[in-house]
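*Asks:* In the working numbering, the protein residues as written are 1343 to 1548.
A virtual CB, placed ideally from N, CA and C, is assigned to each residue, including glycine.
Quick one: structure below, then a few questions.
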């Protein structure tokens, strides 16, 4: 929820107060979600192969406590990093491609029409509507500004924007390579609930 757009672009468009409240809600949700994931010991559902990179201490231990030259350490870290990137990259490409295709088929008037409705179900709808899409925070800011200027409630717009940026089918494909479905479902569940809480706060309490 917290990114470069919410820190540097939000104040110019939505004001400092909105930016601070949005980021504070994001921080609280992130902390609560992190504590819950830690409490449930969900780290066991992370792909362990991605955690097997070599630290400098591990390399030193394997080398009978002798300090490796910097060039050799750099080679170790480069190879580990490249191996992780190589395993994830196809999912990144596939995710972005699927997101781009879906994004091109979603009519703009559909978003404007339904997000403008003043009803309790609009926040969950806005959150779920953003899931199939894929966009970065900077590219979706102009869309948010247009929707707000057309009278769409700010909470509904923020829910849609945050869901599009932080949750998406393409992102799920990428994360599935890193984590097992148990952790993925919990992550999406926490984020969806957090986004909806944020949307209700802006629509009905601010």
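Check residue 1532 in the structure and name its three-state DSSP category.
*Replies:* Residue state, collapsed to three classes: helix.
*Asks:* Tell me whether residue 1626 is buried or exposed, calling it buried when 16 or more other Cβ atoms sit within 10 Å of its Cβ.
*Replies:* What is shown of the chain runs 1343 to 1548, which leaves residue 1626 out entirely.
*Asks:* I'd like to confirm something about residue 1525: is its beta-carbon nearer than 7 Å to some heavy atom of the ligand ZN, or not?
*Replies:* This structure lacks the ligand ZN; in fact it carries no ligand of any kind.
*Asks:* Within 10 Å of its beta-carbon, does residue 1498 have 16 or more other beta-carbons around it, so buried, or fewer, so exposed?
*Replies:* Label assigned to residue 1498: buried.
*Asks:* Rounded C-beta distance between residue 1506 and residue 1531? I'm assuming under 8 Å.
*Replies:* So it is not a contact: roughly 18 Å between Cβ atoms.
*Asks:* For the alpha helix (DSSP H) containing residue 1509, name the first residue and the last one.
*Replies:* That residue, residue 1509, is in no alpha helix (DSSP H); it is neither H nor E in DSSP.
*Asks:* Restricting to Cα atoms, I'd like to know which of 1496, 1494, 1534, 1493 is closest to residue 1509.
*Replies:* Checked all of 1496, 1494, 1534, 1493; the closest Cα to residue 1509 is 1534.
*Asks:* With three or more beta-carbon pairs closer than 8 Å as the criterion, would you say the region 1514–1525 touches the region 1378–1387?
*Replies:* At 8 Å Cβ cutoff, the stretches touch.
*Asks:* If you count every other CB in all the chains shown that lies within 10 Å of the CB of residue 1468, and 16 or more means buried, which is it?
*Replies:* Buried is the call here.
*Asks:* Quick one: measure Cβ to Cβ for residue 1493 and residue 1458, integer angstroms, because I've assumed they're closer than 8 Å.
*Replies:* About 6 Å; that satisfies the 8 Å criterion.
*Asks:* Which of the three DSSP states is assigned to residue 1465 in this structure?
*Replies:* Residue 1465 falls in the helix class under three-state DSSP.
*Asks:* Would you list the residues sitting across from residue 1388 in a DSSP beta bridge?
*Replies:* Per DSSP, 1521.
*Asks:* Should residue 1495 be labelled buried (16 or more other beta-carbon atoms within 10 Å of its own) or exposed?
*Replies:* Answer is buried; the Cβ neighbour count reaches 16.
*Asks:* Tell me whether residue 1334 sits in a helix, a strand or coil according to DSSP, three-state version.
*Replies:* The chain is shown only over 1343 to 1548; residue 1334 falls outside these bounds and no answer can be derived.
*Asks:* With the cut-off set at 8 Å, would you say residue 1465 and residue 1538 are in Cβ contact?
*Replies:* In this structure, residue 1538 lies closer than 8 Å to residue 1465 by Cβ.
*Asks:* Could you have a look at residue 1497 and say whether DSSP puts it in helix, strand or coil?
*Replies:* Helix, per DSSP.
*Asks:* Any idea what DSSP makes of residue 1544, helix, strand or coil?
*Replies:* Residue state, collapsed to three classes: helix.
*Asks:* Any idea if residue 1364 is buried or exposed, counting beta-carbon neighbours within 10 angstroms, 16 or more meaning buried?
*Replies:* It is buried - the Cβ of residue 1364 has at least 16 other Cβ atoms within 10 Å.
*Asks:* Is it buried or exposed, residue 1547, if we count other Cβ atoms within 10 angstroms and call 16 or more buried?
*Replies:* With fewer than 16 Cβ atoms within 10 Å of its Cβ, residue 1547 is classed as exposed.
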